[in-house]
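Novice: As you go down the protein sequences, you meet chains X and Z in turn.
Mapping to numbering that gives the first Met the number 0: the first sequence position 14 is 13, numbers consecutive.
Mapping to numbering that gives the first Met the number 0: the second sequence position 127 is 126, numbers consecutive.
Using N, Cα and C, we set each Cβ at its ideal position, and we do this for glycine too.
This structure is a prediction, so every number in the text was calculated from the model and none was measured.
Take this structure, written in structure tokens, and hold onto it; I'll ask about it next.
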Amino acid sequence: MSERVPVLRIGDILLVSIQVDLEDQTVMNLQEDLAEQIVSRSARGVVIDITAVEIVDSFVGRMLATIASISRLLDAETVVVGMRPAVAITLVELGLSLGGVRTALDLEKGLALLRRSVSRTDRR
Amino acid sequence: MTTPPPWAAEGGQQTHAIAKNDDVVRARQLARTLAQESKLSLVDQTKFITAASELARNTMVYGGGGELRAGLVRRNGRLGVAAVFDDTGPGIADVDLAMTDGWTSGLGLGLGLSGARRLVDEFLLDTEPGRGTTVTIIKWAR
């Protein structure tokens, strides 16, 4: 039985803060949990906080990109917040620039980014 | 047979089996401890741990499990950290192809081997179809 990362809700935004060294299976579970909860809780945005994450390898990097794509299909936006400078440098050198993933420096900026883009879509 | 890394006298090497999913996490933790001990900069620590994580997963997924040996190394007075990933899996038939960005024999992104090589100072790949694969990585403190 592998652990599950808790998914919190603030209004119509889901918040995931990764605090443990992730096992591959935990990463897969998180993808499914988020997809289900975006729909069941009618979320418009997802924030993934990786402030505590020391390394992002290609598996976790792909997970971030996949979650962003899945949530887009489910009419929600994903922002990854809190990436450490060393992690950013390493990801680019690894060959993973995470082109399709929106980022913000911290949780506050990430939430502001989501609120802006959600209210923009609502006006349409 | 490839030459073994120049293991440092202090510390000794540690051997860990890579057989289950959580062994990848353990390999990462061992790499982190050693990278800190070898006084790498924070960015270099992150690069080394990330490379070790990629290779540990390769050992499990493509090699069918294997072994990690890791420890501090010393050459010409310089301190560094080395990790050797060993499996007795199918081996790699076309090394040039396997080292190409984006090429994968499985379901990955194809960045494991080529990405890991970019993240370390020394990268040695020893493989033969039917015999298995050994990958050695070293990162030196600056």
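Please list, in chain order, the residues of the stretch 61-79 of chain X that have any C-beta partner in chain Z closer than 8 Å.
Specialist: Going along the stretch 61-79 of chain X in chain order, one finds R61 with a Cβ nearer than 8 Å to chain Z.
Novice: I need the straight-line Cα distance from Z/R77 to Z/T133, nearest angstrom please.
Specialist: Counting from one through the second sequence, the residue named residue 77 of chain Z turns up at place 78. Counting from one through the second sequence, the residue named residue 133 of chain Z turns up at place 134. Distance between the alpha carbons of Z/R77 and Z/T133: 24 Å.
Novice: Which chain Z residues are close to X/T102, counting only those with a beta carbon under 8 Å from its beta carbon?
Specialist: As a first step, residue 102 of chain X must be located in the first sequence, where it is residue number 103. None at all; the shortest Cβ gap to chain Z is about 17 Å.
Novice: DSSP three-state label for Z/D95, please.
Specialist: Reading the second sequence from its first residue, position 96 is the one you call residue 95 of chain Z. Looking at Z/D95 - three-state DSSP - the assignment turns out to be helix.
Novice: Are the stretch 96-107 of chain X and the stretch 53-70 of chain X touching, with three or more C-beta to C-beta distances below 8 Å?
Specialist: Short answer: they touch.
Novice: How do the stretch 11-22 of chain Z and the stretch 100-115 of chain X stand: do at least 3 beta-carbon pairs fall below 8 Å, yes or no?
Specialist: With the cut-off at 8 Å, the stretch 11-22 of chain Z and the stretch 100-115 of chain X do not touch.
Novice: List, in order along the chain, the chain Z residues whose C-beta lies closer than 7 Å to that of X/G81?
Specialist: On the first sequence, position 82 is the one that residue 81 of chain X refers to. By Cβ distance, chain Z contributes nothing, its closest Cβ being about 15 Å from X/G81, past 7 Å.
Novice: Would you kindly work out how many angstroms separate the C-alpha atoms of X/S118 and Z/G114, rounded to a whole number?
Specialist: If you number the first sequence from 1, residue 118 of chain X lands on position 119. If you number the second sequence from 1, residue 114 of chain Z lands on position 115. In a straight line, the C-alpha of X/S118 is about 39 Å away from that of Z/G114.
Novice: Run through the stretch 95-121 of chain X for me and flag every whole beta strand (DSSP E) of 3 or more residues, listed as ranges in chain order.
Specialist: Within the stretch 95-121 of chain X, the complete beta strand (DSSP E) runs of at least 3 residues are 101-103.
Novice: Note down, in chain order, every chain Z residue with its Cβ under 8 Å from the Cβ of X/Q30.
Specialist: Within the first sequence, residue 30 of chain X is the residue found at index 31, counting from 1. Within 8 Å Cβ-Cβ: nothing; X/Q30 doesn't reach chain Z, min ~14 Å.
Novice: What residues in the stretch 30-58 of chain X bring their beta carbon closer than 9 Å to a beta carbon of chain Z?
Specialist: Listed by position along the chain: E53, I54, V55, D56, S57, F58.
Novice: In terms of residue numbering, what span does the beta strand (DSSP E) encompassing Z/A60 cover?
Specialist: Position 61 of the second sequence, counted from the start, is the residue given in the question as residue 60 of chain Z. For the sequence presented, residue 60 of chain Z should be read as Val rather than Ala. Careful: Z/V60 lies outside any beta strand (DSSP E), inside the alpha helix (DSSP H) at 41-60.
Novice: Determine the DSSP secondary structure at X/A67, reduced to helix, strand or coil.
Specialist: Locating residue 67 of chain X in the first sequence gives position 68, counting from the first residue. Of the three classes helix, strand and coil, the one that applies to X/A67 here is helix, per DSSP.
Novice: Please list, in chain order, the chain X residues whose beta carbon lies closer than 8 Å to that of Z/S113.
Specialist: Counting from one through the second sequence, the residue named residue 113 of chain Z turns up at place 114. G94, listed in chain order.
Novice: Nearest-angstrom Cα distance between Z/L33 and Z/D125?
Specialist: Position 34 of the second sequence, counted from the first residue, corresponds to residue 33 of chain Z. Position 126 of the second sequence, counted from the first residue, corresponds to residue 125 of chain Z. When rounded, the distance between both Cα atoms is 23 Å.
Novice: Beta-carbon of X/R86 versus every beta-carbon of chain Z: anything under 9 Å?
Specialist: Numbered from its first residue, the first sequence carries residue 86 of chain X at position 87. The question names Arg, but residue 86 of chain X is Val in the sequence shown. At least one chain Z Cβ lies under 9 Å of X/V86.
Novice: Distance, Cα to Cα, Z/T99 vs Z/R116?
Specialist: Mapped onto the second sequence, residue 99 of chain Z falls at position 100. Mapped onto the second sequence, residue 116 of chain Z falls at position 117. One C-alpha to the other measures close to 11 Å.
Novice: At least one CB of chain X closer than 9 Å to the CB of Z/D100: is that the case?
Specialist: Translated into the one-based positions of the second sequence, residue 100 of chain Z becomes position 101. For Z/D100, the answer is yes, since a Cβ of chain X falls inside 9 Å of its Cβ.
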